[in-house]
Amino acid sequence: MDPPRYDDDSDMESQDDHWTNVHLGLADGELEQGDEENPLVSRIGGRPAWLPLAPQNLPQESLILLVEIFAPLENSAYDRDLLVWGCANAVCQRVEAGSVRVIRMLKYNTRWAAKLEKKKQKQAVRVARVAERKQQEQDAETERVRRELEKNPFTMSDNPKAQSLFTSSLFANAPSHENSAPENAQSPMDDDDDDDDDDDDDDEDDEDDYDEEARLAEEEAIKQSIAAQREQLGLDKDWARSVTQYTPPLYLNTISEPATQEETLQAPAESVIQRAAELSADASLSGKEEYEKMVLDGIDSTFERFTRRIRAEPRQVVRYEFGGVPLPFSAQGSIFRMLWPDPQKPMREDAVPPCPLCGAPRVFEMQLMPNLANLLRAERIDDTDVQQPKDAAEAEKQRRAQIENTLGLGSAKDGRRVARIDEKLAQKQDGILWSLEFFPPKTSDGMANLYARIERMTAKLHPGWVHVTWGSGGSTRDISLELAVRVQNGFFDPSMNWRAELDNSGPRTGGCDVCLHMTCTDVERSFLDTALADAKRYGICNILALRGDPPRGEESWIATDQQFQTSIDLVKYVRKQHGDAFCIGVAGYPEGLSGHTPEDVARDIGFLKQKQDAGAQFIVTQFFYEPEKFHTWHARCRAHGITIPIIPGVMPIQNYHSFRRMTNLCRLQVPTPLLEALEPIKTDDASVKDVGVQVAHTIVDQVHKQDQIAAFHLYTLNLEKSVTRVITGAKAGAGELRAEKGALVRSPADWEWDEFPNGRYGDSRSPAFGELDGYGASLKVPPEEAMRLWGTPVDESDIRRIFTNYVKGSLACIPWCDVPVWDETAPLLPALTRLNDGKGWWTVGSQPAVNGIDSSDPTYGFGPKNGFIFQKSFVEMFMSEKDKRALVERIGQSETPITFYAAMHDPASFETNVGEHGLNAVTWGVFPGKEVAQSTIIEAQSFMAWRDEAFAIWREWELLFPPRSASRKFLRAIHDTYWLVTVVHHDYKDADGLWRFLTQA
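In full-length UniProt numbering, the protein residues as written are 1 to 1001.
Below, the structure is given as structure tokens:
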């Protein structure tokens, strides 16, 4: 049966007969049982009737059906059903995004398609008739002009004007037969009007044909179609009928929205002033107050416009119009900014940006109104069949979970929205809020151990959030995203299928909010779109927008999207495409990004202000070691109008060489007192770490007190102990900080197995394995500096000269090593010179043999005092295919135990004489009260990880030169044909054994 009609005898008839194109949905009585499964009946609440899909694809848990609207478009052959779901949880309803879901169902309507085709044919006939009529009129006009031209203008009988002037009195009663039209003649327009009338009659006949029997037949056809689809999906029942959490269903009927007379926003200025003057003459009135009241009365606020439209029909629950503009939003939240990103533009259809996914224009269709909430009150939900907790313990667990959700606590999957960083920073803090930064390790073993380390650190230190870095050019996009999702959801077991677990609706604990880094240079727009879409899909709502390493050469730059040249461009793009879906952070540089002059710093502050204006919501600074410089920079930022939170970056010093490398890479000025304090202990990693913790404490303490900053960012370098000591020391208070400063020697129990030393030759199982920055292969020097240092190589002699000058100390760095050769290399200088200059074997790493030297030795020592250090000699070098074959053959013939690893850029080229899972500990130390510490290990996994980076640097180097240049072609040839070979000599008592073997080859 038809849904009951809305009672037309209502107060709506008191309105003027003016209507808009908007349809208002009104509640119209309880849904009769026979219509519950009728897909043509629009409804409020109840259970869905258009859902043949599998239940796992649709809302089931706490979501209830708000409205279902049968809304086919007039000129479409498809029936359309819109289903809007909302979460009944009060917490979710306070969240702008995530509490409402919309599903659109389409069904092809054969009868309506035939009707549209008939209309289309009639329209074609009408168009043809109009064209024919216009052609007839044009032909008649042409004929008339031709006949006029053939007439003699001086013949009075043929000249109407002449007749009217000279013979009107004689022939006043005589009609002009030639030019008179018959009384009953019809114009072509009259014919067309008759045809239109015929068409209208046809349409009326069509409507008469649509009787109750036809309507029931169409309803049954749709039901059968849905049942057939359900059978194809293998569903044994209609799951929608088994939904137990729903409100009592009501009919949703529609009326046209009455047009209301818009009040004048403001009276003309002249009349207001004149009226104020009149009032001021009246001593009994205050003209000033009355004038202000008139001006205020003329202001038409957003809320007033909204209530005026509601007042026209307060019972409305849905406002429907395909196209047009919704009622204004009074709260300019994420939805408002998505629809109208530029608040200066008027709220019109052309002001809404297109869909960021497909580029199609957004079309306003439906708006839920406040009265809907009254009809869907929580107490109306029929939950009699909902399973209740079986025991008191389970009930208490659910109660605690609900409280945590309400307070924004708990895990990301237990129903809460992942906390945004801007919201965290806006909350009042009792202590210091910390964030920790980690980078994806280079090996799978390192990643597995990093999961355990992050789980341990987040549980113990309770950071506000964790940063996950993003490799140069997006090289670690997928692994960075996986790391971020795992940390956020507490998926620390590396064997866990994290994608499958995301679909598990059970409660989850142990996760930590995440900020994912993203860079925009040297990547395509589609690459970024995928990354942003994945982040949003997996619930990552915080990102740090960075520029990334500048592209090295012309080809690399042209291949990227010119839209992204700075991090400002990235911030603008994310805001434009995703509105307020992400909380966006940016980087700040207290000592300047490109230089240290006042002009450089001022320019960088100007850029930072542009980032804020583009939509950035917080700033994380580069690490620094002079608090006074940060204080000055922070004050200048505030004076320049930068108001968003600034989070200082702090990097505890882990070991001397990594510290010098990172400060050189970032062009930081290190205070002389700090360098002087590190110099005598630079080989004692434990003491260096102690100084690093002291310096970090000093920075945090001074900045916290002087700049009133309560949030700090710690660069962990994937290590644990120093960061833990910084946070626990800061929590302990000033008194215990002083005690910490006196404890310069940590007990062996304080050490982690991968703490000393780290980097390229560390244990590949360590999360910190590789260079201690996490940003992948790069030249580590600006392009102009690289050109100055290394020139334009075009043949092997140029490469030999570069490597030879480096080992001799006359060249500061090479693409693979950005610091001068270490002191321990001095005894190897003659041998390395013969290898590089004489043989053309270009060395990128080496160490001499050491037999039981004191751990405090300034050249070879590391770790605590009173230990003994041992080293095997090894060398790592590039060589040709021919030389590699000869060397491997000699190694096979050697009586002395020598192992090797060799590979080209192709992973399939790997060769070694070491058994599977074999390890080569080439540096180890023996310390009192501790097991043997193996600080330098060479094995297949670490070699292959380094191989990828080593050959990638050849490609980075070649990009400094123009396409088709001799230097680019030569460096590409080296990349494609040369081998990376590591050779280890196992007799650590024979200091010259390896070098005799190699130089005599």
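All residues carry an ideal CB built from backbone N, CA and C; glycine is no exception. Owing to the predicted nature of the structure, the values given are computational and were not obtained by experimental measurement.
- For my contact list, SER722 and VAL693 are in at a C-beta cut-off of 8 Å; report their separation, rounded to the angstrom. 6 Å
Quiz item: Which two residues bound the contiguous alpha helix (DSSP H) that contains SER967?
Solution: 966-977
Please work out which residues of its chain come closer than 6 Å, Cβ to Cβ, to LEU832, disregarding the five sequence neighbours upstream and downstream, and give them in chain order. VAL807 and THR843
(request) Determine the contact status of CYS637 and LEU608, defining contact as a CB-CB distance below 8 Å. (result) yes
Give me, in chain order, the residues of the same chain whose beta-carbon lies closer than 6 Å to that of LYS780; leave out the 5 immediate sequence neighbours on both sides. LEU665 and ASP818
Beta-carbon within less than 6 Å of LYS689's beta-carbon, same chain only, minus the 5 sequence neighbours each way: which residues are those?
SER722
- Could you tell me whether the Cβ atoms of VAL981 and LEU919 are closer together than 8 Å? No, the Cβ-Cβ distance between VAL981 and LEU919 is not below 8 Å.
Which term fits VAL601, buried or exposed, when burial requires 16 or more other beta carbons within 10 angstroms of its beta carbon? buried
inquiry  = Restricting to runs no shorter than 4 residues, where is the alpha helix (DSSP H) found entirely within the stretch 427-514?
reply    = 444-461, 477-489 and 498-502
> Which term fits LEU835, buried or exposed, when burial requires 16 or more other beta carbons within 10 angstroms of its beta carbon?
Replying inline: buried
Can you name, in chain order, every residue of its own chain whose Cβ lies under 7 Å from the Cβ of PHE659, other than the five neighbours on each side? ILE653
_Segment contact, 8 Å Cβ cut-off, at least three pairs: the stretch 913-927 with the stretch 851-863_ = With the cut-off at 8 Å, the stretch 913-927 and the stretch 851-863 touch.
Of the choices ARG486, GLN488, GLN565 and GLU501, whose alpha-carbon is the least far from that of ARG525? GLN565
Check whether LEU960 and MET787 have beta carbons under 8 Å apart: yes
Alpha carbon to alpha carbon, what distance is there between SER472 and GLY548?
6 Å
Worksheet item: Applying the criterion that 16 or more other CB atoms from any shown protein chain within 10 Å of the CB defines a buried residue, is ASN75 buried or exposed?
Response: exposed
- Item | Euclidean distance between Cα positions of ARG964 and ILE974 | 15 Å
**OP:** Buried or exposed for LYS884, please, with buried defined as at least 16 other CB atoms from any protein chain shown within 10 angstroms of its CB.
**Re:** Result: buried.
Under 8 Å, do ALA27 and ARG319 count as touching if we go by C-beta distance?
-> no
| Per-residue DSSP class, three states only, for TYR806 | helix
Excluding five sequence neighbours on each side, which residues of the same chain lie with their C-beta closer than 6 Å to the C-beta of PHE803?
ASN836 and TRP842
From ALA373 to TYR538, what does the alpha carbon distance come to, in whole angstroms? Roughly 30 Å between the two C-alpha positions.
Sequence-distant residues of its chain with Cβ nearer than 6 Å to MET662 (five each side left out):
none
- Task: Pull up the distance between the alpha-carbon of ASN866 and that of VAL932, whole angstroms please.
- Result: 13 Å
Margin query: For a quick check, are the C-beta atoms of TRP470 and LEU714 less than 8 Å apart?
Written below: Contact flag unset, no.
Quiz prompt | Given ASN913 as reference, the closest of ALA921, PHE900 and ASP906 once Cα atoms are compared | solution = PHE900
Decide if ASN851 is buried, meaning its Cβ has at least 16 other Cβ atoms within 10 Å, or exposed.
Looking at its Cβ environment, which holds fewer than 16 other Cβ atoms inside 10 Å, ASN851 is exposed.
Q: For GLU939, count neighbouring Cβ atoms within 10 angstroms of its own Cβ and tell me buried if that reaches 16, exposed if not.
A: buried
For GLU482, does the count of other Cβ atoms within 10 angstroms reach 16, so buried, or fall short, so exposed? buried
Report task. Pull up the distance between the alpha-carbon of MET904 and that of ALA950, whole angstroms please. Result -> 10 Å
Query - Nearest-angstrom beta carbon gap, GLU36 and PRO353 [assumed within contact, 8 Å] - result: At roughly 40 Å, the Cβ-Cβ gap does not stay under 8 Å, so PRO353 and GLU36 are not in contact.
TODO: Check whether the Cβ atoms of ASN655 and PHE439 lie closer than 8 Å to each other.
DONE: The Cβ-Cβ distance between ASN655 and PHE439 does not fall below 8 Å.
inquiry  = Can you tell me whether LEU73 is buried or exposed? The criterion is at least 16 other CB atoms within 10 Å of its CB, across all chains shown.
reply    = exposed
> If we ignore side chains and look at the alpha-carbon of each, how far apart do ALA531 and ASP478 end up?
Replying inline: 8 Å
message = Please state whether the Cβ-Cβ distance between LYS572 and PRO341 is less than 8 Å.
response = Going by beta carbons, LYS572 and PRO341 fall outside the 8 Å limit.
Q. Does the Cβ-Cβ distance between ALA616 and GLY585 come in under 8 Å?
A. yes
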